[in-house]
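*Asks:* Dropping the structure in here first, questions after.
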Amino acid sequence: AARLRAYTGLTIFSEMTALAQAAGAVNLGQGFPDSDGPPEVLEAAREAIAQGLNQYPPATGLPVLRRAVAERRATDHGVAYDPDTEVVVTAGATEAIAAALLGLCEPGDEVVVFDPLYDSYGACLAMAGLRRVPVLLEHDGTRFTFDPDALRAAVGPRTRMILLNTPHNPTGKVFDADELALIAGLCIEHDLIAVTDEVYEYLVYDGLRHLPLAALPGMRERTLTISSAGKTFSTTGWKVGWACGPARLVTAVRTVKQYLTFASGTPFQAAVATGLTECMPWVENLRATLERRRDLLVTGLREAGITVLAGNATYFVQVDARSFGTDDGDALCRDLPASAGVAAIPSVALYDDKKAGRHLVRLAFCKDESLLATATARLAGRA
Ligand code: PMP
Ligand code: GLN
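When we follow the UniProt record's numbering, the leftmost residue of the sequence shown carries the number 8, and every step to the right adds one.
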């Protein structure tokens, strides 16, 4: 279809992983950890299979998982959901995002997004026939921020939704209370739906806290909150995600989801329920480990004179291609696997404003420390 013409190639993540494999490079591109999640969760999946949890689950997800998701939202974020009507399990956060856009908007509606935006947002907006209205995140020397007036100006008569990702990929930005209050105020003033992608909710560093938009006054009733098990339990290949919100929003997601996948991953759903109820101390340990790894990478790169824009969360930091003698981050990423033995993601692939993202390169630090040290030494040699 013409509206998908921009998306016919491989995703930037598949493309860069292929380059990494061809060159035998250290892959700091596609964001996935190189060690697997809690032994109890892995064992729970094996047990679920052995016990015969191998047929379709209910289309809304196994009740045990919906209850565990609701319990976590209430305990960790103080927002209560009815597991039967206000939680739906999806094939990763990716399906929840697609179903939310397809189920909650009419073709031609406008959706406000922060730029850069995760790759599936652009493609799903196009599939749903929606118009994206980007608000640029700019680095002010300390952190990525946005111009409040630009956000206000982005909302117009055709705006249906604000699609927010916090903690944010690829910047590592954690939207703070003031920023969220501004977003919430606009949603309430203009009667907009908020959809929030919080897949990195537990991977936050530097003593900061993830604040869900749904926890702000007046927002629970208009916010669909999406998350998944991939990052929380280092099981990115399991693709177990969910959406929580008032029944009218969750029903829209369920309606679409029924005809996208209907359901998926019964034994993995059971195992994730175990994770959410029993393994949060493991997740805290993962968080601390990742914070250390981020520091290791950032310090090493900076000592080599490379400019690093580090955020406070997620798997990622960004570096400035100009430290490598070019302002073309895309060309640099196509060259790095062969010339330096390191793969990265050109952040420009996630930018609507190609000029703003041109010089940025994303590196993932969710890797073994010796691998990070090798990558750092190789990048230092190339800079
Ligand atoms: N949203 C963001 C911001 C992501 O970075 C990712 C992938 N890591 C996803 C959604 C997809 O999540 P899932 O694998 O659960 O579909
Ligand atoms: N979310 C992962 C990243 O940002 C990639 C997932 C994918 O390959 N689609 O690196």
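Idealized CB from N, CA, C, for every residue including glycine.
Assuming Ser271 and Ala98 are in contact, meaning their beta carbons sit under 8 Å apart, how far apart are those beta carbons, in whole angstroms?
*Replies:* Residue mapping note: residue 271 aligns to position 264 of the sequence shown, counting from 1. Residue mapping note: residue 98 aligns to position 91 of the sequence shown, counting from 1. The pair is a contact, with the Cβ atoms about 4 Å apart (cut-off 8 Å).
*Asks:* So for Asp327, helix, strand or coil by DSSP?
*Replies:* By 1-based counting over the sequence shown, the position of residue 327 is 320. Note: Asp327 maps to strand in three-state DSSP.
*Asks:* Within the present structure, is the beta-carbon of Asn292 separated from the nearest heavy atom of ligand 2 by less than 7 Å?
*Replies:* Within the sequence shown, residue 292 is the residue found at index 285, counting from 1. It does not: the Cβ of Asn292 is nowhere closer than 7 Å to a heavy atom of ligand 2.
*Asks:* Bridge partners of Cys251, per DSSP?
*Replies:* One-based indexing of the sequence shown puts residue 251 at position 244. Checking the DSSP bridge columns, you'll see Cys251 partnered with Val94 and Thr232.
*Asks:* Within 8 Å, do at least three Cβ pairs link the segment 201-208 to the segment 64-74?
*Replies:* no
*Asks:* So the candidates are Asn292, Ala356, Leu378 and Ser330; which of them puts its Cα closest to the Cα of Gly44?
*Replies:* Locating residue 44 in the sequence shown gives position 37, counting from the first residue. Considering only alpha carbons, the answer is Asn292.
*Asks:* Please confirm whether any heavy atom of ligand 2 lies closer than 7 Å to the CB of Thr18.
*Replies:* The residue labelled residue 18 in the question sits at position 11 within the sequence shown. Yes - ligand 2 has a heavy atom lying nearer than 7 Å to the Cβ of Thr18.
*Asks:* Got a sec? Which residues, its chain only, sit under 8 Å from Arg309 by beta carbon, not counting five neighbours each side?
*Replies:* The sequence position of residue 309 within the sequence shown is 302, counting from 1. Result list for Arg309: Val315, in chain order.
*Asks:* Based on the DSSP secondary-structure assignment, which residues constitute the bridge partners of Pro46?
*Replies:* Within the sequence shown, numbered from 1, the residue matching residue 46 stands at position 39. In the DSSP output, where bridge partners are listed per residue, Pro46 has none listed.
*Asks:* Anyone know if the C-beta pair for Val355 and Leu367 falls short of 8 Å?
*Replies:* Working through the sequence shown from its first residue, we reach residue 355 at position 348. Working through the sequence shown from its first residue, we reach residue 367 at position 360. Yes. Within cutoff.
*Asks:* Going by the DSSP bridge assignment, what does Phe151 pair with across the sheet?
*Replies:* Reading the sequence shown from its first residue, position 144 is the one you call residue 151. Secondary-structure assignment with DSSP links Phe151 through a beta bridge to His146.
*Asks:* What does the Cβ neighbour count give for Thr15, buried or exposed, with the cut at 16 atoms within 10 Å?
*Replies:* As a first step, residue 15 must be located in the sequence shown, where it is residue number 8. With fewer than 16 other Cβ atoms within 10 Å, it is exposed.
*Asks:* Considering only residues of the same chain and omitting the five flanking positions on each side of Leu303, which have a CB-CB separation below 7 Å?
*Replies:* On the sequence shown, residue 303 is found 296 positions in, with the first residue counted as 1. Contacts found: Glu376 and Leu379.
*Asks:* Under three-state DSSP, which class holds Ala371?
*Replies:* Start at 1 with the first residue of the sequence shown, and residue 371 comes out as number 364. Looking at Ala371 - three-state DSSP - the assignment turns out to be strand.
*Asks:* Do Ala254 and Thr232 have their beta-carbon atoms positioned less than 8 Å apart in this structure?
*Replies:* In the sequence shown, counting from the first residue as 1, residue 232 sits at position 225. In the sequence shown, counting from the first residue as 1, residue 254 sits at position 247. Not a contact, by the Cβ cut-off of 8 Å.
*Asks:* By the 10 Å Cβ neighbour count, where 16 or more other Cβ atoms means buried, how is Thr242 classified, buried or exposed?
*Replies:* As a first step, residue 242 is located in the sequence shown; it is residue number 235 there, counting from the start. Around the beta-carbon of Thr242, 16 or more other beta-carbon atoms lie within 10 Å, marking it buried.
*Asks:* Residues bridged to Ser275 by DSSP?
*Replies:* Translated into positions along the sequence shown, residue 275 becomes position 268. Residue identity differs from the one stated: residue 275 is Phe in this sequence, not Ser. Phe275 pairs with nothing; no bridge assigned.
*Asks:* Would Ala130 and Val142 be called neighbours here (beta carbons separated by less than 8 Å)?
*Replies:* As a first step, residue 130 is located in the sequence shown; it is residue number 123 there, counting from the start. As a first step, residue 142 is located in the sequence shown; it is residue number 135 there, counting from the start. For Ala130 and Val142, no; Cβs fall outside 8 Å.
*Asks:* Are there 16 or more other CB atoms within 10 angstroms of the CB of Ala81, so buried, or fewer, so exposed?
*Replies:* Start at 1 with the first residue of the sequence shown, and residue 81 comes out as number 74. Exposed, because fewer than 16 other Cβ atoms sit within 10 Å of the Cβ of Ala81.
*Asks:* Any heavy atom of ligand 1 inside 7 Å of the beta-carbon of Tyr88?
*Replies:* As a position in the sequence shown, residue 88 is number 81, starting the count at 1. Every heavy atom of ligand 1 is 7 Å or more from the Cβ of Tyr88, so no.
*Asks:* Could you tell me whether the Cβ atoms of Lys180 and Gly282 are closer together than 8 Å?
*Replies:* Working through the sequence shown from its first residue, we reach residue 180 at position 173. Working through the sequence shown from its first residue, we reach residue 282 at position 275. For Lys180 and Gly282, no; Cβs fall outside 8 Å.
*Asks:* Return the CA-CA distance between Leu132 and Ala105, expressed in angstroms with no decimal places.
*Replies:* Along the sequence shown, read from residue 1 onward, the residue named residue 132 stands at position 125. Along the sequence shown, read from residue 1 onward, the residue named residue 105 stands at position 98. Taking the straight line from one Cα to the other gives about 8 Å.
*Asks:* When you compare only the Cα positions, how much space is there between Asn61 and Pro274?
*Replies:* By 1-based counting over the sequence shown, the position of residue 61 is 54. By 1-based counting over the sequence shown, the position of residue 274 is 267. Spanning the two alpha carbons is a distance of roughly 6 Å.
*Asks:* Mind checking which residues open and close the alpha helix (DSSP H) that includes Arg165?
*Replies:* Residue numbering aside, residue 165 sits at position 158 when the sequence shown is read from its first letter. From DSSP, Arg165 is part of no alpha helix (DSSP H); its letter is neither H nor E.
*Asks:* Would a C-beta distance cut-off of 8 Å place Arg167 and Glu117 closer than the cut-off?
*Replies:* Along the sequence shown, one-based indexing puts residue 167 at 160. Along the sequence shown, one-based indexing puts residue 117 at 110. Yes, the Cβ-Cβ distance between Arg167 and Glu117 is below 8 Å.
*Asks:* Taking Cβ positions, are Gly388 and Ala328 nearer each other than 8 Å?
*Replies:* Residue numbering aside, residue 388 sits at position 381 when the sequence shown is read from its first letter. Residue numbering aside, residue 328 sits at position 321 when the sequence shown is read from its first letter. Cβ atoms of Gly388 and Ala328: not closer than 8 Å.
*Asks:* Could you please give me the residues that DSSP links to Ala350 through a beta bridge?
*Replies:* Mapped onto the sequence shown, residue 350 falls at position 343. Within the DSSP secondary-structure output, Ala350 pairs in a beta bridge with Asn34.
*Asks:* For Arg53, count the other beta carbons within 10 Å of its own beta carbon; 16 or more makes it buried, fewer makes it exposed. Which is it?
*Replies:* Along the sequence shown, read from residue 1 onward, the residue named residue 53 stands at position 46. So Arg53 ends up on the exposed side.
*Asks:* Count Cβ pairs between the segment 81-95 and the segment 108-125 that sit closer than 8 Å; are there 3 or more?
*Replies:* no
*Asks:* What number of angstroms, rounded off, separates the C-alpha of residue 5 from the C-alpha of Pro353?
*Replies:* This structure does not reach residue 5, given that the chain is present from 8 up to 390, and the question cannot be answered.
*Asks:* Could you work out which residue in Ala363, Asp359, Arg74 and Ala382 is closest to Gly147 when comparing CA atoms only?
*Replies:* Reading the sequence shown from its first residue, position 140 is the one you call residue 147. The sequence given here places Asp at residue 147; Gly does not occur at that position. Of the candidates Ala363, Asp359, Arg74 and Ala382, the one whose C-alpha sits nearest the C-alpha of Asp147 is Ala363.
*Asks:* CB of Thr243 to nearest heavy atom of ligand 1: below 7 Å?
*Replies:* Taking the first residue of the sequence shown as position 1, residue 243 is located at position 236. Yes; taking the cut-off as 7 Å, the Cβ of Thr243 has a heavy atom of ligand 1 nearer than that.
*Asks:* Counting only the same chain and skipping the five closest in sequence on each side, list residues whose C-beta sits under 7 Å from that of Leu339.
*Replies:* In the sequence shown, the residue the question calls residue 339 occupies position 332. Only residues of its own chain outside the window of five on either side were considered, and among them Ala328, Phe331, Thr333 and Val368 have a CB closer than 7 Å to the CB of Leu339, listed in chain order.
*Asks:* Any beta carbon from chain D within less than 8 Å of Asp43's own beta carbon?
*Replies:* Protein chain content of the structure displayed is limited to a single chain, and chain D is not contained in it.
*Asks:* Kindly indicate which residue of Phe151, Lys238, Val96 and Leu171 has the alpha-carbon position closest to the one of Thr178.
*Replies:* Your numbering for residue 178 matches position 171 in the sequence shown. Residue Phe151 is the option with its Cα nearest to Thr178.
*Asks:* Roughly how many whole angstroms lie between the Cα atoms of Gly31 and Thr381?
*Replies:* For the purposes of this step, residue 31 is taken as the residue at position 24 of the sequence shown. For the purposes of this step, residue 381 is taken as the residue at position 374 of the sequence shown. Between Gly31 and Thr381, the C-alpha separation is close to 13 Å.
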